[in-house]
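Chains as they are written, first to last, in full-length UniProt numbering: chain Z, 1 to 450; chain L, 1 to 450. These notes concern the structure reproduced below.
There are 2 protein chains.
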Amino acid sequence: MTDTTETLEHRLSRIHLALEKEQLERVDDVLSDLEPAEVALLLESLPPAARISLWERVPGEIDGEVLLHVHDEVRGTLIDDMDHAEIVAATTGLDTTDLAEIFEDLPQQVAADMLRSMDALQRSRLQETLSFEEDSAGRLMRTDTIAVRADVSLETVRRFLRWKEAVPDNTHMLMVVDRNGRFVGVLPLARLIANDPEMAVADLMDSDVDSIQVTMKSTDVATLFQTHDLTSAPVVDESGLLLGRIIIDDIVDVIRENSEQALMNMAGLDEEEDLFAPVMPSAKRRAVWLGINLLTAFLAAWVIGRFEAALDQIVALAVLMPIVASMGGIAGSQTLTLAIRGLALGQISRTNSHWLLRKEIGIAALNGVLWSLVVAVLAVLWFNSIAIGVIIAAALVINMLAAGVAGIVIPLMLKRAGIDPALSGSVILTTVTDVVGFMSFLGLATVFLL
Amino acid sequence: MTDTTETLEHRLSRIHLALEKEQLERVDDVLSDLEPAEVALLLESLPPAARISLWERVPGEIDGEVLLHVHDEVRGTLIDDMDHAEIVAATTGLDTTDLAEIFEDLPQQVAADMLRSMDALQRSRLQETLSFEEDSAGRLMRTDTIAVRADVSLETVRRFLRWKEAVPDNTHMLMVVDRNGRFVGVLPLARLIANDPEMAVADLMDSDVDSIQVTMKSTDVATLFQTHDLTSAPVVDESGLLLGRIIIDDIVDVIRENSEQALMNMAGLDEEEDLFAPVMPSAKRRAVWLGINLLTAFLAAWVIGRFEAALDQIVALAVLMPIVASMGGIAGSQTLTLAIRGLALGQISRTNSHWLLRKEIGIAALNGVLWSLVVAVLAVLWFNSIAIGVIIAAALVINMLAAGVAGIVIPLMLKRAGIDPALSGSVILTTVTDVVGFMSFLGLATVFLL
C-alpha cells in the first residue's frame, strides 16, 4: 500500500536533498513508490539540471506515462534529453489516444520512424485520432470499449467476458450496439451481475443515455460530464455508430486545465508554461506582454502630459492622481473577474448582460460615493484645499463608474470577437481606468482650479 | 435521450424569453429536459426576480439536488423563498453526505425540526458526518458502500448481490473487509464477472489500494485522485475500519472549486459569490477590498508627496512616473501568478524556491534592461533631456527587479504564515511596486536633477 499521507512538498525535499548529495539509491527509493503523475509533478518542480538527473533515473517502463502527465513545455525539455530509441521505447506501450496527445511534440524524424514501424491497424488508428480537431471529443476518446449486442442473453455476455479475460478494472458498464454497430444503450456491470442470466441485454440496458458526438468541443464534453454526473460516456459519429468512450479520468484533466488557463491568461502567461523554464525564452515570452502594457502606460502618460499646465501649478495633483487611477483599476478588475468566470461557465449571454451591467453600475456608484468621500476628506486635510477634495471625489466616482461598465462590456465584446477575455481583458481595462482616471481628475482640475 | 448539443447560453435565452413573456408551459418545457446541475447553472444565470420565478417552476422532486449544485450564496436566496414544508420535502430524499453539505445553510428552526423528525440512525449518521471538519474526507465520503468478506467465494458474492438487488449503477468495485470490518482490499466487478465462481474473493481482490484517512484534507484527496487516476477510494478511520468511499463525481467539484477560488481570490472576490447578488450586499463586500487598496494608494501618494520639490520643478516627472510603477506591477503580477499556481500544485518548497528566485531575477533583469532602453529613448525624445532618460531607465530596472523578488517572496511568506497568497498577494505586491517605483524614480531625480 503506498503512503498516501506524504505530501508532494515533503517528497520534493527528500528527492532534492538526495539529488544534491548524489545519493542515487535514495532517489530510486522515492521513485519506486510513485505513480507516473506524481513523478510528473516532481519533475515539473525541479530546476533544469536536477530535472534531467531525475528523469534519467525514472524507470523506462513509466517514461511514456510520465511524458503524458507533464505540461507541454516541460515535455519538450524531457524529450530533448532522450535519444531516438528511448523515445520509441517510451511511447510503444501507450494507447492511441495517449500517443496522439504527445505525437506532435516528438522530433519529426522519430515520429516518421514510429509511423513506419507500426502495423497497418495501429497506424490507421493513430491517423484517425490525429484527424480529429485538437480540442474535440475525438481526441479524448478511448477505443478500448467493450460492446455487446442487445439481443443476446446475460449468460452469453458473461461467457463472452470470461472468454475475453482482460476486462479493464475500471470498466463499470458495457456498451450495447445494434447489428450495424450503432449505439443503442449501456449495460452497467452491476445489473449484469444482479439479474437472472436468462434475461436479454435489451431488457436491462439503459437506453436513456447521453451520447457524445465525436466533433463536440472538449470543454462542452467536460460541462456535460459535470452537469450530468457522468463517469463515462459513449462517443458516436453523426450516423450514431459507436466509436469509443470518454472516461472521467480524462475529463478531470480538461477541467483542471481550463481553470488554470483563466488564472494564467489573466497575467498574460500560458497555461503550459514551465515553472522552471530557462531564463532566456521566459524573458522573451513575457517581453511581449510587458511591451503591450508599456503602450498602455505611455498612453496614460500622454494623457497626463496634456495637463502639464495644471501639474506645473498645483503639485498636489501629481501626488493624488495615482489614487484615482488605482481605485478604478481595482474596482474594474473585480467586475472583470466576475464576468470572466461567468463567461467561462456559460452563464452570461445577451439576455442577462443588461441586468448585470445595471447591477455593476449600482455597486460602482455606491462604492464610488463611499470612497470618494473618504478620499476627499483626507485630501482636504492633507492639502488644505476644499476644491481639490471636491475634484478628486468627482473624478473617483466617474472612474469607478467607467470601471464598472468596462468590466462588463470589455469581456463581452472580446468574447463576441472570438478573443479570450481572460488574456486581453485586464490590459484593456487598465487602459480605460488609467485614461479615464487621469483625464477626469486633471481635466476637472484644469477647468476649475486654473 | 437528452439533447446534449444545446448550449447553456441558448437554453438561457429560451428560458429568459419565456419568463419575460410569461409563457410558463415553455419554461416547464425547457426544465423537463434538464438535469439538476443544469437547472442550478440556469438559476445562477438569472437576476433575482427571474430566478425566483424559475425556482418556483422547478419540480419539487429535484429541489434538493438543485440546492446542492448552486453556489452557497445563491442557495441562500433560494432557501429564503421556500417555506418550512418545502424545505423539509426537498431535503428528505438526499443522502447524509449531501444533506450535511447544505444543512448549515438551513434556517435554524427548519434544521431543528428536521433533526427531530429523523429516526435515530439517520440522525446519528448526520451528526457523525457533521462532526468531521468542513473540508475533510469525512464530509466527502458516501456511506452506500457494498462490502464483502475476503474468505467467501465469488458465487456467494454474486448471490448476495442478486439478493440485494439495488446495487448502484455507478458501482464498479466492491470493498473487501475482514471479520472486524477493517478494509483489506477491493474487488472490481469486472473481475467478479470474468472469473471462475469457485474462486475466493481473497484470491482476486486487489489489496494494493490507496485508502484515505477520514481526516485527510479534501484538497489532498483531490490530488491523490488525480495523481493515482482513481475513480473511487475507500475511506478508513485510524484503526483501518472501513467507513465509506469517496467517488470521483464529488472530487470533480473539489477540483473545480479550488481552481475557481484562486482566480476569484486574486481579485478579492469570494468563490461562492453570486453573479447576480443584490447591489447593496455586493457593494459592502467589495468595499472592504477597495478600502484595503486605498491604503496602498495613499501610501504611494505619500511617497510621491515626499518629492514635491522635484515634481514642482520638473513636470516631466509627474508625466512619466506612472510608467515606472505600472511596468513593475505588470512584471510582478506575472511572477506572482506563476508562484500562486506552483504553490497550489504543491510544486514550490524551500528546496527549490532559491532557484526560482534566481530565475525570476534573471528574467526581470533581461526585461528590465530591454524595456528601460525603449522607455529611455522615448523619454529623451519626448522631453529632450538625456538625464531624464537615464533616470527613468535606472528606476525601471530597479522596480522590475523588486517586482521579480516580491513576486516570489511575498506568496512564500504568506503561505508560511497560513494566509492565502492568492487573496493577499496582489495587494501587497502592488504596494511594493508602487512604492519602489515612485521612490526610485523621484528619488534619483531629486538627487541628480535638482
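Don't be surprised by glycine CBs; every beta carbon is placed ideally from N, CA and C. The model shown is predicted, which means the values in this text are computed figures rather than measured ones.
Three-state class that DSSP yields for residue i in the structure shown
i: Z:Leu230; result: coil
i: Z:Thr2; result: With a pLDDT of 44 at Z:Thr2, under the threshold of 50, the predicted position of this residue should be treated as unreliable, and no value is reported.
i: Z:Pro36; result: helix
i: L:Leu46; result: coil
i: Z:Leu19; result: helix
i: L:Gly443; result: helix
i: L:Ala277; result: coil
i: Z:Leu373; result: helix
i: L:Leu187; result: strand
i: residue 456 of chain Z; result: There is no way to answer for residue 456 of chain Z, as the model of chain Z reaches only from 1 to 450.
i: L:Gly240; result: coil
i: L:Ser153; result: strand
i: L:Asp206; result: strand
i: L:Val167; result: coil
i: L:Ala246; result: Residue identity differs from the one stated: residue 246 of chain L is Ile in this sequence, not Ala. In this structure, L:Ile246 counts as strand in the three-state DSSP scheme.
i: Z:Ile212; result: strand
i: L:Arg182; result: strand
i: Z:Arg142; result: strand
i: Z:Gln127; result: helix
i: L:Asp29; result: helix
i: Z:Thr7; result: coil
i: Z:Ile348; result: coil
i: Z:Val390; result: helix
i: Z:Gly93; result: coil
i: Z:Gly342; result: helix
Those residues which DSSP pairs with residue i across a bridge
i: Z:Lys217; result: Z:Ser136
i: Z:Leu174; result: Z:Leu187
i: Z:Val148; result: Z:Val176
i: L:Val235; result: L:Ile212, L:Gly244
Nearest-angstrom Cα separation, counted from residue j out to residue i
i: L:Arg142; j: L:Leu174; result: 14 Å
i: L:Ser207; j: L:Leu161; result: 21 Å
i: Z:Thr433; j: L:Ser218; result: 39 Å
i: L:Val70; j: L:Leu106; result: 14 Å
i: L:Val447; j: L:Ala297; result: 24 Å
i: L:Phe383; j: L:Glu308; result: 20 Å
i: Z:Ala440; j: Z:Ile398; result: Correcting the residue identity first, residue 440 of chain Z is Ser in this sequence and not Ala. Their Cα atoms are separated by approximately 7 Å.
i: Z:Ala403; j: Z:Leu429; result: 7 Å
i: Z:Gly240; j: L:Ala89; result: 40 Å
i: Z:Ser259; j: L:Ser259; result: 6 Å
i: Z:Val390; j: Z:Ile314; result: 15 Å
i: L:Met114; j: L:Glu61; result: 18 Å
i: L:Ile102; j: L:Thr77; result: 13 Å
i: L:Gly268; j: L:Leu423; result: 6 Å
i: L:Leu230; j: Z:Asn170; result: 9 Å
i: L:Val209; j: L:Arg149; result: 16 Å
i: Z:Pro281; j: Z:Pro36; result: 27 Å
i: L:Asp3; j: Z:Gly138; result: The predicted position of L:Asp3 is uncertain, since its pLDDT is 49 and thus under 50; no value can be drawn from it.
i: L:Gly362; j: Z:Val279; result: 6 Å
i: residue 451 of chain L; j: Z:Ala379; result: Outside the modelled stretch of chain L, which goes from 1 to 450, sits residue 451 of chain L, for which no answer is possible.
Practice problem: Can you give me, in chain order, the residues of the segment 281-295 of chain Z that have a beta carbon less than 8 Å from any beta carbon in chain L? | Solution: Ser282, Ala283, Arg286, Ala287, Trp289, Leu290, Gly291, Asn293, Leu294
Quiz prompt | Cβ-based contacts, 7 Å cut-off: residues of the segment 251-272 of chain Z near chain L | solution = Val252, Ile255, Arg256, Ser259, Glu260, Ala262, Leu263, Met264, Ala267, Gly268, Leu269
Quiz item: Taking a cut of 7 Å between CB atoms, which residues from the segment 327-344 of chain L lie near chain Z?
Solution: Met327, Ile330, Ala331, Ser333, Gln334, Thr337, Leu338, Arg341, Gly342
Self-check item: Where the segment 366-377 of chain L meets chain Z: residues whose CB sits under 9 Å from a CB there
Solution: Leu366, Asn367, Leu370, Trp371, Val374, Val375
Self-check item: chain Z contacts from the segment 15-32 of chain L (Cβ-Cβ distance under 8 Å)
Solution: His16, Leu17
Practice problem: With 7 Å as the C-beta to C-beta threshold (strictly closer), list the residues of the segment 48-79 of chain L near chain Z in chain order. | Solution: none
Practice problem: Could you say if the segment 407-414 of chain Z and the segment 336-350 of chain Z meet the contact criterion of at least three C-beta pairs nearer than 8 Å? | Solution: yes
Quiz item: Quick one: any contact between the segment 91-100 of chain L and the segment 63-78 of chain L, if contact means 3 or more CB pairs under 8 Å?
Solution: yes
Quiz item: If contact means a Cβ-Cβ distance below 8 Å, which residues of the segment 343-359 of chain Z contact chain L?
Solution: Leu345, Gly346, Gln347, Ile348, Ser349, Arg350, Thr351, Asn352, Trp355, Leu356, Lys359
Quiz item: Given a limit of 9 Å on CB to CB distance, which residues of the segment 132-145 of chain Z reach chain L?
Solution: none
Exercise. For the segment 307-320 of chain Z, enumerate the residues whose C-beta is nearer than 7 Å to any C-beta of chain L, in chain order.
Key: Glu308, Leu311, Asp312, Val315, Ala318, Val319, Leu320
Practice problem: Report yes or no: do the segment 116-126 of chain Z and the segment 224-238 of chain Z share at least 3 C-beta pairs separated by less than 8 Å? | Solution: no
Quiz item: If we count Cβ pairs, one from each stretch, closer than 8 Å, do we get three or more for the segment 50-67 of chain Z versus the segment 23-40 of chain Z?
Solution: yes
Practice problem: Output, in sequence order along the chain, the residues in the segment 405-431 of chain Z whose CB is closer than 7 Å to any CB in chain L. | Solution: none
Practice problem: Taking a Cβ distance cut-off of 7 Å, strictly less, list which residues of the segment 92-112 of chain Z are near chain L, in chain order. | Solution: none
Quiz prompt | Three CB pairs or more closer than 8 Å across the segment 38-50 of chain Z and the segment 346-356 of chain L | solution = yes
Exercise. Specify whether the segment 282-290 of chain Z and the segment 246-265 of chain Z touch according to this definition: at least 3 beta carbon pairs, one from each stretch, less than 8 Å apart.
Key: no
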